[in-house]
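Student: A single structure is presented below for examination.
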């Protein structure tokens, strides 16, 4: 089982425009999900991007989203390192090690899309996401 390490970009309402632009630059397969698809109660956020993933022929993976409703968009903090894949033992171990001396923002636990997911900022100030696919 392999895991992927890639950049995760956050936007203030422009994620669709940005990821479609990157798709035009790099090609590949683009998958996009909105907050509305996952039952967001606020109609104003229904069309915003909850998660987009671009897999390119060159082997690049680029992920993006709009800032979630209720969270403050902070320019300069718009790039996160994402670890994802099916190897739960490896990814849980990385989570535990990265969280030492850091700050857990979202605990690593099962989410509405079925995967285990968590977010933290490591002791050096670098934001990380871990997603264990089911």
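In full-length UniProt numbering, the protein residues as written are 1 to 134.
Ideal Cβ placement from N, Cα and C applies to all residues, glycine included.
Here the structure is a predicted model, which means the values were calculated and not measured.
Residue 88 lies in the alpha helix (DSSP H); which residues open and close that run?
Tutor: Taking the first residue of the chain shown as position 1, residue 88 is located at position 88. Element bounds for residue 88: 88 to 99.
Student: Under 8 Å, do residue 129 and residue 22 count as touching if we go by C-beta distance?
Tutor: Numbered from 1 along the chain shown, position 129 holds the residue referred to as residue 129. Numbered from 1 along the chain shown, position 22 holds the residue referred to as residue 22. It is not a contact, given that the beta carbons lie outside the stated cut-off.
Student: In whole angstroms, what separates the C-alpha of residue 127 from that of residue 71?
Tutor: Here residue 127 corresponds to residue number 127 of the chain shown, with the count starting at 1. Here residue 71 corresponds to residue number 71 of the chain shown, with the count starting at 1. Taking the straight line from one Cα to the other gives about 15 Å.
Student: Please determine, among 49, 68, 102, the residue with the shortest C-alpha to C-alpha distance to residue 124.
Tutor: The residue you call residue 124 lines up with position 124 of the chain shown. That would be 102, whose Cα lies nearest to the Cα of residue 124.
Student: I need the DSSP call for residue 79, collapsed to helix, strand or coil.
Tutor: For the purposes of this step, residue 79 is taken as the residue at position 79 of the chain shown. Correct three-state label for residue 79: strand.
Student: When burial is assigned at 16 or more other CB atoms within 10 Å of the CB, is residue 89 buried or exposed?
Tutor: As a first step, residue 89 is located in the chain shown; it is residue number 89 there, counting from the start. Residue 89 should be labelled exposed.
Student: Ignoring anything shorter than 3 residues or poking outside the stretch 13 to 75, list the beta strand (DSSP E) runs there in chain order.
Tutor: Listed in chain order, they are 29 to 34, 49 to 55, 61 to 66.
Student: For residue 41, which residues from the same chain have a beta carbon less than 6 Å from its beta carbon, with the 5 sequence-adjacent residues on both sides left out?
Tutor: Locating residue 41 in the chain shown gives position 41, counting from the first residue. Around residue 41: no qualifying Cβ.
Student: Just the Cα atoms here: how many angstroms apart are residue 11 and residue 31?
Tutor: Mapped onto the chain shown, residue 11 falls at position 11. Mapped onto the chain shown, residue 31 falls at position 31. If I take the Cα positions, the gap works out to 17 Å.
Student: Between which residues of its own chain and residue 121 is the CB-CB distance below 8 Å, once the five residues before and five after are set aside?
Tutor: Walking along the chain shown from the start, residue 121 turns up at place 121. Once the five neighbours on either side are set aside, the close Cβ partners of residue 121 are 102, 103, 105, 127, 128.
Student: Pop quiz: residue 49 and residue 61 are said to be a contact at Cβ under 8 Å. What is the actual Cβ separation, rounded to whole angstroms?
Tutor: Here the question's residue 49 lines up with position 49 in the chain shown. Here the question's residue 61 lines up with position 61 in the chain shown. The pair is not a contact, with the Cβ atoms about 16 Å apart (cut-off 8 Å).
Student: Evaluate residue 117 with the Cβ neighbour count: other Cβ atoms within 10 Å of its Cβ, from every protein chain shown; 16 or more gives buried, anything less gives exposed.
Tutor: Against the chain shown, residue 117 aligns to sequence position 117. Result: buried.
Student: Residues bridged to residue 132 by DSSP?
Tutor: On the chain shown, residue 132 is found 132 positions in, with the first residue counted as 1. BP columns for residue 132 point to 85, 116.
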